[in-house]
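As they're listed, the protein sequences go chains F and B. Just so we're aligned: 187 in the UniProt record's numbering is position 187 of the first sequence, and the numbers increase by one with no gaps anywhere. Just so we're aligned: 79 in the UniProt record's numbering is position 79 of the second sequence, and the numbers increase by one with no gaps anywhere.
There are 2 protein chains.
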Amino acid sequence: MAADEVLRARVRQLMALTDGSQRAFAARVGIEPSKLSRSLAGKRRFTPWELARIAETGGVAVDWLLGGDGTPVPPDEAPAGHRDQRRDEILVAAWRLIAERGYHSVRVADIAQACGTSPAAVHYYFPTKQDVLNEALRYCVEQAFTRQRAELGLIDDAHQRLVRLVEMQLPWPGRVRDEWSIWLQFWSEAALRTELRPAHNEFYARWREAVVRIISKGQRQRVFRQDVDPEDAALRFTALTDGAAIQVMTGAPGMTLDRMRGLLLGFIDRELVA
Amino acid sequence: MAADEVLRARVRQLMALTDGSQRAFAARVGIEPSKLSRSLAGKRRFTPWELARIAETGGVAVDWLLGGDGTPVPPDEAPAGHRDQRRDEILVAAWRLIAERGYHSVRVADIAQACGTSPAAVHYYFPTKQDVLNEALRYCVEQAFTRQRAELGLIDDAHQRLVRLVEMQLPWPGRVRDEWSIWLQFWSEAALRTELRPAHNEFYARWREAVVRIISKGQRQRVFRQDVDPEDAALRFTALTDGAAIQVMTGAPGMTLDRMRGLLLGFIDRELVA
DNA sequence: CATCTGACTGACTCACCAGTCAGAAGGTCT
DNA sequence: AGACCTTCTGACTGGTGAGTCAGTCAGATG
């Protein structure tokens with residue numbers, strides 16, 4: 001069975017597990033019913049954003065959708081209820097505000113207003129502001145990972161996968177730039193407040209691990225040189241990416257999105273490609 | 001005349017211009033009189049920290065001390081008076097607090113306490129807190145540059161100079177780590193508040209320019225490959241440095257000071273050395 | 001139908017902190 | 001001696017924003 005057939009089967013299986021029609025499922029996922037229908041029929045490909053949303057709504061890993069092992073719905077991770085929905089809404093509002101105004105300039109009242117609710121409602125879900133903000137950082141990064149996985153899982157060739165990763169990481173204005181803004185904040189907070197480090201380092205390890213796996217895969221596929229240490233190359237690749245992103249984000253002279261792309265693709269060509 | 005002879009002559013010249021004894025000069029610079037005396041006699045080398053302090057106290061550029069052209073004391077930059085001394089004291093306290101606690105967690109009262117004065121005294125020198133903090137960021141970076149110049153100006157071989165630069169940039173606990181902390185804060189602030197970008201970008205351009213010059217010098221000295229574009233190599237070198245520093249600062253798994261050094265020296269060896 | 005519970009509101013309190021202001025202390029100039 | 005300036009203090013004000021709390025209300029439960 002081809003990869004996309006597996007995917008369609010898995011989405012159908014997930015739909016069967018949750019109650020309600022295909023139309024209701026589409027609504028919950030936030031995708032037009034006609035698009036869902038065409039995608040299930042194989043006449044249209046799911047976008048990575050949709051895959052990420054489907055996995056999230058269904059409470060499964062994107063990996064499972066793409067053919068991975070494991071139970072479709074782990075017993076303790078049932079589909080999100082109403083309560084969790086509101087919680088998520090608050091977290092989304094919070095991380096967007098952090099990205100836009102900065103960690104320390106976000107007020108509980110701002111978050112509440114962005115959700116169309118009252119400050120007290122935010123405190124109903126999170127005891128303190130710190131809790132909202134720290135959770136929001138995690139939430140944003142988690143979502144970004146999910147999307148990344150959804151998109152990269154569809155590409156088989158390791159070289160192309162890495163090139164795609166570079167493209168996905170370019171801080172174009174909009175969502176990706178906001179996510180980079182979160183990273184910058186995360187870094188300065190984690191450098192100062194050690195209690196944020198475990199969370200930060202877990203994420204960072206995952207991001208670097210993802211690069212290590214792509215490089216190793218590329219070596220097995222013989223598209224990357226055999227004489228580079230994947231760990232070492234990933235360390236350099238991630239450092240270069242972060243450093244370049246900072247320069248784009250701060251508008252450093254001579255650094256543009258195109259230049260950043262060139263920098264990273266150049267690294268891949270010079271250091272990795274066989 | 002050898003480089004260190006020029007240096008000694010210039011320091012003497014500077015001392016002659018400011019009134020007071022050699023002992024008084026030593027006190028103002030914050031160096032033991034005996035050390036100054038031995039350094040002037042050529043029996044001891046000035047440390048880069050001392051050079052930076054001497055230049056600052058005398059109101060001259062470190063370049064001039066090292067034999068550069070220009071007047072020793074530009075008319076509008078006469079040696080710092082009492083007023084400026086107190087101002088500097090506030091700025092030093094401010095940037096250290098920012099490095100330690102973070103930009104947004106510094107209170108005017110904290111700065112005042114660190115200087116042994118009252119909050120109102122801080123407002124006497126700076127109209128608003130914003131002014132103190134922004135000035136403090138600039139001040140810290142400016143001082144770091146001065147020290148860097150003082151140290152690197154003594155090394156003639158471009159390869160060794162770059163290696164020394166790497167060593168100086170490693171965020172060992174203490175002053176250098178604090179300076180990196182300032183950079184992290186500067187980045188996240190500059191990414192969010194465009195009014196900080198001109199200052200940030202000026203500094204960043206200077207830092208990258210310094211690297212460009214070292215690489216170009218190395219090409220003229222034939223210690224670096226001729227086929228690399230200095231601008232391009234500097235862009236990559238700075239991005240790599242910043243990215244690696246972030247990982248050290250946040251305690252990212254597998255990234256240590258030694259690893260950072262290896263990363264950067266590896267870059268120099270692989271990409272620059274002839 | 002009565003009761004209970006989860007989700008929430010509006011009005012409040014309280015701490016904190018930037019910035020102000022009227023002078024004091026000490027020095028300099030005339 | 002006295003006018004005047006610089007530097008600084010201590011006590012104050014006003015605004016802001018986190019967190020609390022009593023109460024509301026829709027819907028579930030028995």
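Ideal Cβ placement from N, Cα and C applies to all residues, glycine included. These numbers were taken from a predicted model, which means no experiment stands behind them.
Inset, instruction - Starting from F/ASN201, find everything on chain B with Cβ-Cβ shorter than 9 angstroms and list it in chain order. - result: THR250, GLY251, ALA252 and PRO253
Legend entry - Status (buried if at least 16 other CB within 10 Å, exposed otherwise) for B/ALA120: exposed
Inset, instruction - May I have the straight-line CA-CA distance separating B/LEU264 from B/LEU240, to the nearest angstrom? - result: 7 angstroms
Inset, instruction - From the DSSP output, in three-state form, read off F/PHE224 for me. - result: strand
Inset, instruction - Please check the pair F/ILE246 and B/ASP242, which I expect to be a contact at CB under 8 angstroms, by giving their CB distance rounded to whole angstroms. - result: 6 angstroms
Legend entry - Spatial neighbours of B/PHE203 in its chain, beta-carbon cut-off 6 angstroms, leaving aside the 5 residues before and after: VAL141
Legend entry - Neighbourhood of F/THR146 by C-beta distance below 7 angstroms, restricted to the same chain and skipping five residues each side: ALA52, ALA55, GLU56 and VAL62
Inset, instruction - Compare the C-beta of F/ILE246 with all C-beta atoms of chain B and state if any pair is closer than 8 angstroms. - result: yes
Legend entry - Cβ contact (3+ pairs, closer than 8 angstroms) linking the segment 197 to 212 of chain B and the segment 123 to 130 of chain B: no
Inset, instruction - Whole angstroms is fine: what's the gap from F/GLU179's alpha carbon to F/ASN201's? - result: 17 angstroms
Inset, instruction - Pick helix, strand or coil for F/VAL273, following the three-state DSSP scheme. - result: strand
Inset, instruction - Report the option in B/ALA205, B/GLY153, B/ARG270 and B/ARG225 whose CA atom is closest to the CA atom of F/ALA252. - result: B/ALA205
Inset, instruction - Would you kindly work out how many angstroms separate the C-alpha atoms of F/LEU14 and F/PHE237, rounded to a whole number? - result: 37 angstroms
Legend entry - F/LYS43 CB to nearest heavy atom of the ligand NAD below 7 angstroms: For the structure depicted, the ligand NAD is absent and the ligand set is empty, with no information on it obtainable.
Legend entry - Where F/ASP258 meets chain B, residues with beta-carbon distance less than 9 angstroms: Within 9 angstroms Cβ-Cβ: nothing; F/ASP258 doesn't reach chain B, min ~13 angstroms.
Inset, instruction - Output the boundary residues of the alpha helix (DSSP H) element that contains B/GLY266. - result: 257 to 267
Inset, instruction - Could you name the residues of chain B that F/GLY243 contacts, counting a contact when the two beta carbons are closer than 9 angstroms? - result: ARG236, THR238, ALA239, LEU240, THR241, ASP242, GLY243, ALA244, ALA245 and ILE246
Inset, instruction - Determine the direct distance from the alpha carbon of F/THR250 to that of B/ALA191, and round the result to whole angstroms. - result: 5 angstroms
Legend entry - Buried or exposed (CB count within 10 angstroms, at least 16 for buried), F/GLU5: exposed
Inset, instruction - Would you check if the segment 148 to 159 of chain B and the segment 217 to 231 of chain B touch, i.e. whether three or more CB-CB distances between them fall below 8 angstroms? - result: yes
Inset, instruction - Within 10 angstroms of the Cβ of B/GLU100, are there 16 or more other Cβ atoms? Answer buried if so, exposed if not. - result: exposed
Inset, instruction - Could you tell me whether the Cβ atoms of B/SER105 and B/ALA112 are closer together than 8 angstroms? - result: no
Inset, instruction - Name the residue from F/ILE214, F/VAL122, F/ASN134 and F/ARG259 whose alpha carbon lies nearest to the alpha carbon of B/GLU231. - result: F/ARG259
Inset, instruction - Determine, using beta carbons only, whether B/ALA205 comes closer than 8 angstroms to chain F. - result: yes
Inset, instruction - Indicate whether F/TYR139 and F/TRP95 have their beta-carbon atoms separated by less than 8 angstroms. - result: yes
Legend entry - Candidates B/LEU7, B/LEU66, B/ILE90 and B/VAL60: closest to B/SER39 by CA position: B/LEU7
Legend entry - Chain-order list of residues whose beta-carbon lies under 8 angstroms from that of F/PRO75 (same chain, five-residue window excluded): The predicted position of F/PRO75 is uncertain, since its pLDDT is 42 and thus under 50; no value can be drawn from it.
Legend entry - Closer than 8 angstroms to chain B by CB, F/SER188: yes
Inset, instruction - Answer with yes or no whether the minimum CB distance from B/GLN143 to chain F is below 8 angstroms. - result: no
Inset, instruction - Would you mind telling me which residues of chain F sit closer than 9 angstroms to B/ARG101, beta carbon to beta carbon, in chain order? - result: LEU192
Inset, instruction - Compare the Cα-Cα distances from B/ARG213 to each of B/ARG270, B/TRP64 and B/ARG161 and report the closest residue. - result: B/ARG161
Inset, instruction - For F/ARG270, count neighbouring C-beta atoms within 10 Å of its own C-beta (all shown protein chains included) and say buried if the count is 16 or more, exposed if not. - result: exposed
Inset, instruction - Return helix, strand or coil for F/VAL11, following the three-state DSSP convention. - result: helix
Legend entry - B/PRO198, buried or exposed, once every other Cβ within 10 Å from all chains shown has been counted against 16: exposed
Inset, instruction - Mind checking which residues open and close the alpha helix (DSSP H) that includes F/PRO171? - result: Run containing F/PRO171: none; DSSP gives neither H nor E here.
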